[in-house]
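Heads up: the sequence lines are chains P and Y, in that order. Residue numbers for the first sequence follow the numbering used here, so the first one is 1 and each next one is one higher. Residue numbers for the second sequence follow the numbering used here, so the first one is 1 and each next one is one higher.
There are 2 protein chains.
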Amino acid sequence: MRASEIIRAKRDGGRLRPEEIRFLVDGYAGGAIPDYQLAAFCMAVFFRGMDGEETAALTEAMLRSGQVLDLSDVPGVKVDKHSTGGVGDKVSLALAPIAAACGVVVPMVSGRGLGHTGGTLDKLEAIPGFRVDLPVSRFRELLRRNGACLIGQTAEIAPADKKLYALRDVTATVESIPLIAGSIMSKKLAEGIDGLVLDVKVGRGAFMKRREEAGLLARTLAGIGRAMGKRVTVLLTDMEQPLGLAVGNALEAAEAVELLRGGGPPDLREVTLALCAEMLLLAGVETGGAAARRRVERAVADGSALERFRRIVEDQGGDPRAVDDLARLPRAPVQRDVPATAAGVVQAIDAEAIGLAAMSLGAGRVRVEDRVDPAVGVVLRHKVGEAVERGAPLATLHAARQGGEPVEAVAARVAAAYRLGPDPASPGPLVLERIG
Amino acid sequence: MRASEIIRAKRDGGRLRPEEIRFLVDGYAGGAIPDYQLAAFCMAVFFRGMDGEETAALTEAMLRSGQVLDLSDVPGVKVDKHSTGGVGDKVSLALAPIAAACGVVVPMVSGRGLGHTGGTLDKLEAIPGFRVDLPVSRFRELLRRNGACLIGQTAEIAPADKKLYALRDVTATVESIPLIAGSIMSKKLAEGIDGLVLDVKVGRGAFMKRREEAGLLARTLAGIGRAMGKRVTVLLTDMEQPLGLAVGNALEAAEAVELLRGGGPPDLREVTLALCAEMLLLAGVETGGAAARRRVERAVADGSALERFRRIVEDQGGDPRAVDDLARLPRAPVQRDVPATAAGVVQAIDAEAIGLAAMSLGAGRVRVEDRVDPAVGVVLRHKVGEAVERGAPLATLHAARQGGEPVEAVAARVAAAYRLGPDPASPGPLVLERIG
Chain P
1 MRASEIIRAK
11 RDGGRLRPEE
21 IRFLVDGYAG
31 GAIPDYQLAA
41 FCMAVFFRGM
51 DGEETAALTE
61 AMLRSGQVLD
71 LSDVPGVKVD
81 KHSTGGVGDK
91 VSLALAPIAA
101 ACGVVVPMVS
111 GRGLGHTGGT
121 LDKLEAIPGF
131 RVDLPVSRFR
141 ELLRRNGACL
151 IGQTAEIAPA
161 DKKLYALRDV
171 TATVESIPLI
181 AGSIMSKKLA
191 EGIDGLVLDV
201 KVGRGAFMKR
211 REEAGLLART
221 LAGIGRAMGK
231 RVTVLLTDME
241 QPLGLAVGNA
251 LEAAEAVELL
261 RGGGPPDLRE
271 VTLALCAEML
281 LLAGVETGGA
291 AARRRVERAV
301 ADGSALERFR
311 RIVEDQGGDP
321 RAVDDLARLP
331 RAPVQRDVPA
341 TAAGVVQAID
351 AEAIGLAAMS
361 LGAGRVRVED
371 RVDPAVGVVL
381 RHKVGEAVER
391 GAPLATLHAA
401 RQGGEPVEAV
411 AARVAAAYRL
421 GPDPASPGPL
431 VLERIG
Chain Y
1 MRASEIIRAK
11 RDGGRLRPEE
21 IRFLVDGYAG
31 GAIPDYQLAA
41 FCMAVFFRGM
51 DGEETAALTE
61 AMLRSGQVLD
71 LSDVPGVKVD
81 KHSTGGVGDK
91 VSLALAPIAA
101 ACGVVVPMVS
111 GRGLGHTGGT
121 LDKLEAIPGF
131 RVDLPVSRFR
141 ELLRRNGACL
151 IGQTAEIAPA
161 DKKLYALRDV
171 TATVESIPLI
181 AGSIMSKKLA
191 EGIDGLVLDV
201 KVGRGAFMKR
211 REEAGLLART
221 LAGIGRAMGK
231 RVTVLLTDME
241 QPLGLAVGNA
251 LEAAEAVELL
261 RGGGPPDLRE
271 VTLALCAEML
281 LLAGVETGGA
291 AARRRVERAV
301 ADGSALERFR
311 RIVEDQGGDP
321 RAVDDLARLP
331 RAPVQRDVPA
341 TAAGVVQAID
351 AEAIGLAAMS
361 LGAGRVRVED
371 RVDPAVGVVL
381 RHKVGEAVER
391 GAPLATLHAA
401 RQGGEPVEAV
411 AARVAAAYRL
421 GPDPASPGPL
431 VLERIG
């Protein structure tokens, strides 16, 4: 087999055999096939796509390039949740303890934020002392103990994907459904899970801006899961406006705790509980959707999910007092309201613009190597459909420094992200589609 | 400017600004932009194409990456001819001395054969002692003296193209009209010419198999020439069956000499004289097509072209006696006829198959670093439209060794390259289109 012939076959619209895809991925991971050939290959895939079997072969080759966790000695059905990323998406922080409190085992390997989207690891680390870099032995132990453990990706997980993703990032080949799907699934399947609930975000703040594109990704992800013998459910959820009110790491951690206390913004609660219920179904904890939903609501209402979160935080080195006293979370020295320049009803809030605003304040990363400030961010005061008076605060910035150019510029961008109008407005449905 | 953004713009069907293309080419040539980004870029260009202005910018950037010969101190109008490559294409060997004998200055920088196509340098080197690696000072001197000099590409000519071509070769991005056109023109325009006649081959033995594709390449080449302020004429010529009868380096050199002596196969003569006449028109030696044609025919008939070739050979270190005594050219020890297995009229001869057969005998290269045997090759005994009896020789192989597997296998392939049938047949027109 020759790499250039495989590239040519894909370029000309051919269907690759699994062994050809394996040859490319293994050769690339091992250094025998150079990056320029993979770059050309990824661009050919961008234009020509891959069918289900090709995508599954790509996923499996990347998965097998590294370690696959074997959690068979941990009792229970292992189910994880993965989101394609959005703004204000702190779902995992509440979802993992809720699902665990309901009897699901949640071996969660998460990522960090980049660009306008946040990352679960950054939000967890906003809790003083919380550690996400646990060794696998400790991960296994805490899964047995708490039913959930949340860590970062190790170097041993799907190294071929890691290498390929870095290459795609600098060759404008990120935006390809089969490559995205293969990347996501190779990492998640390496966790040794039995089932996976996927939250494919769609809208302005999501990676997939258009519904049909998101639907295609969702079906591709589900197809890979099936091909690899895993139970997979995908929900398409709205990411036109940010999820919940808080955007920024400690601010989001606090909002997740509020949800576990039985409060929190209704949209965040709805998305979190819907995803959680799907996890219970995959795990076989409940067999009907309504029963699963009642069970997760009960775990919040009776405090068992909050108690589980407290244990998780403590066992991962975090300060459990922060769960009960949110004032122990890092807090930015400056709060600055962003007033409405006119009265009206909020017609839309550009989630991407809010995400970028939070990033500018220091909550996110422009580059992978950047550090984040856990305290800063944006808290929305109004969401789509709400009426505001002129001069009333649309949002509050949490900043590291008073005044100056950055904060004023961010305030202007947050104001511009709000579209106000005279007519009534209501947000679209939160869950757009279910693929099970 | 960022390379990944430029790749993305092209990927998404955008039109690049000249400075963006220059940024990529200069960065690549200088080592600041890595090969994987160019590989992705070339694949994006394969799918999205480039318009005339983009292609001209690419050509100019590659041209400027190296030395551009300044031949302004050499009197006369400098016009070269370039062919996109075919089988049996020994045109340049006869054309350069004919055009020079008519008063055109021909600074010809040629290439070597690869795959099924031959190269002018290999054919010239079949003449004992002939040197193609002359220093630029000698090239200039011989141009003044003989009106023509034929050398190989120096490392100083369009190094960005050299680097990019090697990359395209291993990333399945060779077959892109703007990239092909830019590569050809950047090298030819570096010769310091005033005008260029292009012979775009079309058919089975050519790089461009389909007429419309060849036409597009021809118009792209002409467009670049115009954009760069050069006089360019393109002829689309037939490469369904090999040009002339001989395929193999010394065999082709001998056939070119026969043409200069007033003989040679009619198709070779027609294509050579047609291209030559175009050179005279571009050089302003004649102003009408018919007069130009008469002039080149006269240069052959009166022996002045042959005499010019003799001088060129001698001045480039070759044995001028070989021009008058073709037996002094290398000759293969074995001649083996390929008989017709049935009677019939030759309907078609697959030029590519004949080229590959000659290559297998040692006349061509599988890889750039391979060496060629100047003596070996295939001589066709019949061409399209000719009737043959069963058992009569279709062709004669000139091989380095008697019998054995290779020669027998090649004989079978040459026989299979001939398609015989009961009906009369005639080859299509030799010159399919003229773009001036």
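Positions of the beta carbon are idealized from the N, C-alpha and C atoms, including for glycine. Nothing here was measured: the structure is a model prediction, and the numbers come from that model.
SER92 (chain P), enclosing alpha helix (DSSP H) - first and last residue = One-based indexing of the first sequence puts residue 92 (chain P) at position 92. Segment 91-101, the alpha helix (DSSP H) holding SER92 (chain P).
- Query: Considering only residues of the same chain and omitting the five flanking positions on each side of SER92 (chain P), which have a CB-CB separation below 6 Å?
  - Reply: Counting from one through the first sequence, the residue named residue 92 (chain P) turns up at place 92. Correct list, in chain order: THR120.
Exercise. Does the beta-carbon of THR287 (chain P) have 16 or more other beta-carbons within 10 angstroms, so that it is buried, or is it exposed?
Worked result: Here residue 287 (chain P) corresponds to residue number 287 of the first sequence, with the count starting at 1. THR287 (chain P) should be labelled exposed.
**Prompt:** Where does ARG231 (chain Y) fall in DSSP's three states?
**Reply:** The residue given as residue 231 (chain Y) occupies position 231 in the second sequence. ARG231 (chain Y): strand per DSSP, three-state reduction.
For the alpha helix (DSSP H) that contains LYS201 (chain Y), what are its first and last residues? Indexing the second sequence from 1 puts residue 201 (chain Y) at position 201. It is not in any alpha helix (DSSP H) - LYS201 (chain Y) instead sits in the beta strand (DSSP E) that spans 195-202.
**Message:** I need the straight-line Cα distance from ALA274 (chain Y) to SER83 (chain Y), nearest angstrom please.
**Reply:** Residue mapping note: residue 274 (chain Y) aligns to position 274 of the second sequence, counting from 1. Residue mapping note: residue 83 (chain Y) aligns to position 83 of the second sequence, counting from 1. Each residue's alpha carbon lies about 13 Å from the other.
* To do: Give the range of the beta strand (DSSP E) segment to which ARG335 (chain P) is assigned.
  => Locating residue 335 (chain P) in the first sequence gives position 335, where the first residue counts as 1. Correcting the residue type first, residue 335 (chain P) is Gln in the shown sequence and not Arg. Its beta strand (DSSP E) spans residues 334-339.
Let me make sure I understand the geometry here. Which of P:ALA392, P:ALA290 and P:GLY303 has the alpha-carbon closest to that of ARG336 (chain P)? On the first sequence, residue 336 (chain P) is found 336 positions in, with the first residue counted as 1. Selected option, being the one with the closest Cα: P:ALA392.
Task: Contact list for ASP35 (chain P) against chain Y, beta-carbon separation under 9 Å - done: If you number the first sequence from 1, residue 35 (chain P) lands on position 35. Those within 9 Å of ASP35 (chain P) in chain Y are PRO34, ASP35, TYR36 and ALA39.
Short of 7 Å in beta carbon distance, which residues of its chain neighbour LEU251 (chain P), apart from the five on each side in sequence? Order them along the chain.
Locating residue 251 (chain P) in the first sequence gives position 251, where the first residue counts as 1. So the list reads GLY377, VAL379 and HIS398, once near-sequence residues are dropped.
Quiz prompt | Three-state secondary structure assigned by DSSP to GLN347 (chain Y) | solution = In the second sequence, residue 347 (chain Y) corresponds to position 347, counting from 1. Reduced to three states, the DSSP call for GLN347 (chain Y) is strand.
- Task: Please determine if the segment 303-320 of chain P and the segment 121-135 of chain P are in contact, where contact requires at least 3 C-beta pairs separated by less than 8 Å.
- Result: The answer is yes - the segment 121-135 of chain P touches the segment 303-320 of chain P, with three or more Cβ pairs under 8 Å.
### Query
Within 10 angstroms of its Cβ, does MET108 (chain Y) collect 16 or more other Cβ (buried), or is it exposed?
Here residue 108 (chain Y) refers to the residue found at position 108 when the second sequence is read from its first residue. Looking at its Cβ environment, which holds 16 or more other Cβ atoms inside 10 Å, MET108 (chain Y) is buried.
Who are the neighbours of ALA44 (chain P) on chain Y, taking C-beta pairs under 7 Å?
Translated into the one-based positions of the first sequence, residue 44 (chain P) becomes position 44. Within chain Y, the residues near ALA44 (chain P) are MET43.
How many Å lie between TYR418 (chain Y) and ALA357 (chain Y) at the Cα? As a working mapping, residue 418 (chain Y) is identified with position 418 in the second sequence. As a working mapping, residue 357 (chain Y) is identified with position 357 in the second sequence. The straight-line gap from Cα to Cα measures roughly 12 Å.
Check your understanding: Hey, GLY66 (chain P) and ALA158 (chain P): beta-carbon distance below 8 Å or not?
Key -> Looking up residue 66 (chain P) in the first sequence gives position 66. Looking up residue 158 (chain P) in the first sequence gives position 158. A contact, by the Cβ cut-off of 8 Å.
Contact list for ARG437 (chain Y) against chain P, beta-carbon separation under 8 Å:
Nothing about residue 437 (chain Y) can be reported from this structure: the residues present for chain Y run from 1 to 436 only.
Checklist entry - Hey, out of Y:GLU191, Y:TYR28, Y:ALA96 and Y:VAL296, whose CA is closest to VAL74 (chain Y)'s CA? => result Indexing the second sequence from 1 puts residue 74 (chain Y) at position 74. Among Y:GLU191, Y:TYR28, Y:ALA96 and Y:VAL296, the Cα nearest to that of VAL74 (chain Y) belongs to Y:GLU191.
Within chain P, the residues that SER4 (chain Y) reaches when beta carbons sit closer than 9 Å:
Counting from one through the second sequence, the residue named residue 4 (chain Y) turns up at place 4. The contacting residues are ASP169, VAL170, THR171 and ALA172.
Margin query: Can you look up VAL372 (chain Y) in the DSSP assignment and give me helix, strand or coil?
Written below: Looking up residue 372 (chain Y) in the second sequence gives position 372. Residue state, collapsed to three classes: coil.
inquiry  = Restricting to Cα atoms, I'd like to know which of P:LEU420, P:VAL372, P:GLY289 and P:ARG401 is closest to GLU389 (chain P).
reply    = Here residue 389 (chain P) refers to the residue found at position 389 of the first sequence. Answer by Cα proximity: P:LEU420.
Next on the checklist: Using 8 Å as the threshold, is the C-beta distance between GLY215 (chain P) and LYS209 (chain P) below it?
Outcome noted: Position 215 of the first sequence, counted from the start, is the residue given in the question as residue 215 (chain P). Position 209 of the first sequence, counted from the start, is the residue given in the question as residue 209 (chain P). Result no, Cβ atoms of GLY215 (chain P) and LYS209 (chain P) do not sit closer than 8 Å.
Quiz item: Any idea what DSSP makes of ALA9 (chain Y), helix, strand or coil?
Solution: Along the second sequence, one-based indexing puts residue 9 (chain Y) at 9. ALA9 (chain Y): helix per DSSP, three-state reduction.
- Item | Under 7 Å from the C-beta of PHE47 (chain Y): neighbouring residues of chain P | On the second sequence, residue 47 (chain Y) is found 47 positions in, with the first residue counted as 1. Chain P residues near PHE47 (chain Y): PHE47.
| task | Would you mind reading off the limits of the alpha helix (DSSP H) that contains GLY52 (chain P)? | result | What you label residue 52 (chain P) is simply residue 52 of the first sequence in a count that begins at 1. 52-64 is the span of the alpha helix (DSSP H), which, as asked, contains GLY52 (chain P).
If we call anything under 8 Å between Cβ atoms a contact, is LEU282 (chain Y) one with GLY195 (chain Y)?
-> Counting from one through the second sequence, the residue named residue 282 (chain Y) turns up at place 282. Counting from one through the second sequence, the residue named residue 195 (chain Y) turns up at place 195. Contact: yes.
Closest by C-alpha distance to GLU175 (chain P), when choosing among Y:GLU54, Y:GLU156 and Y:SER4:
Walking along the first sequence from the start, residue 175 (chain P) turns up at place 175. Among Y:GLU54, Y:GLU156 and Y:SER4, the Cα nearest to that of GLU175 (chain P) belongs to Y:SER4.
- prompt: Shortest alpha-carbon distance to GLY229 (chain P) belongs to which of P:ASP324, P:ILE21 and P:ILE193?
  reply: Position 229 of the first sequence, counted from the start, is the residue given in the question as residue 229 (chain P). Among P:ASP324, P:ILE21 and P:ILE193, the Cα nearest to that of GLY229 (chain P) belongs to P:ILE193.
Spatial neighbours of ILE7 (chain Y) in its chain, beta-carbon cut-off 8 Å, leaving aside the 5 residues before and after:
As a working mapping, residue 7 (chain Y) is identified with position 7 in the second sequence. So the list reads GLN37, ALA40, PHE41 and ALA44, once near-sequence residues are dropped.
(request) Check the DSSP bridge columns for VAL106 (chain Y) and list the partner residues they point to. (result) As a working note, residue 106 (chain Y) is residue 106 in the second sequence. Note: VAL106 (chain Y) sits in a beta bridge opposite Y:ALA148.
Simplified DSSP state of ARG419 (chain P), which is helix, strand or coil:
The residue given as residue 419 (chain P) occupies position 419 in the first sequence. In the structure shown, ARG419 (chain P) adopts extended strand secondary structure according to DSSP, grouped into three states.
Determine, for ARG11 (chain P), whether the minimum Cβ-Cβ distance to residues of chain Y falls below 8 Å. Position 11 of the first sequence, counted from the first residue, corresponds to residue 11 (chain P). True, the Cβ-Cβ gap to chain Y drops below 8 Å.
Subject >> Whole-Å CB distance - LEU221 (chain Y) paired with LEU198 (chain Y), under 8 Å assumed >> reply: Translated into the one-based positions of the second sequence, residue 221 (chain Y) becomes position 221. Translated into the one-based positions of the second sequence, residue 198 (chain Y) becomes position 198. 5 Å between Cβ atoms; contact.
PRO265 (chain P) and LEU245 (chain P) closer than 8 Å at C-beta:
Here residue 265 (chain P) is taken as the residue at index 265 of the first sequence, counted from 1. Here residue 245 (chain P) is taken as the residue at index 245 of the first sequence, counted from 1. Result yes, Cβ atoms of PRO265 (chain P) and LEU245 (chain P) sit closer than 8 Å.
message = Considering just the uninterrupted stretch of the beta strand (DSSP E) at VAL446 (chain Y), what are its terminal residues?
response = This structure leaves residue 446 (chain Y) out entirely; chain Y is present only between 1 and 436.
- Message: Am I right that VAL372 (chain Y) and ALA160 (chain Y) are in contact with their C-beta atoms under 8 Å? What's the rounded C-beta distance?
- Response: The residue given as residue 372 (chain Y) occupies position 372 in the second sequence. The residue given as residue 160 (chain Y) occupies position 160 in the second sequence. The Cβ separation is near 28 Å, so there is no contact.
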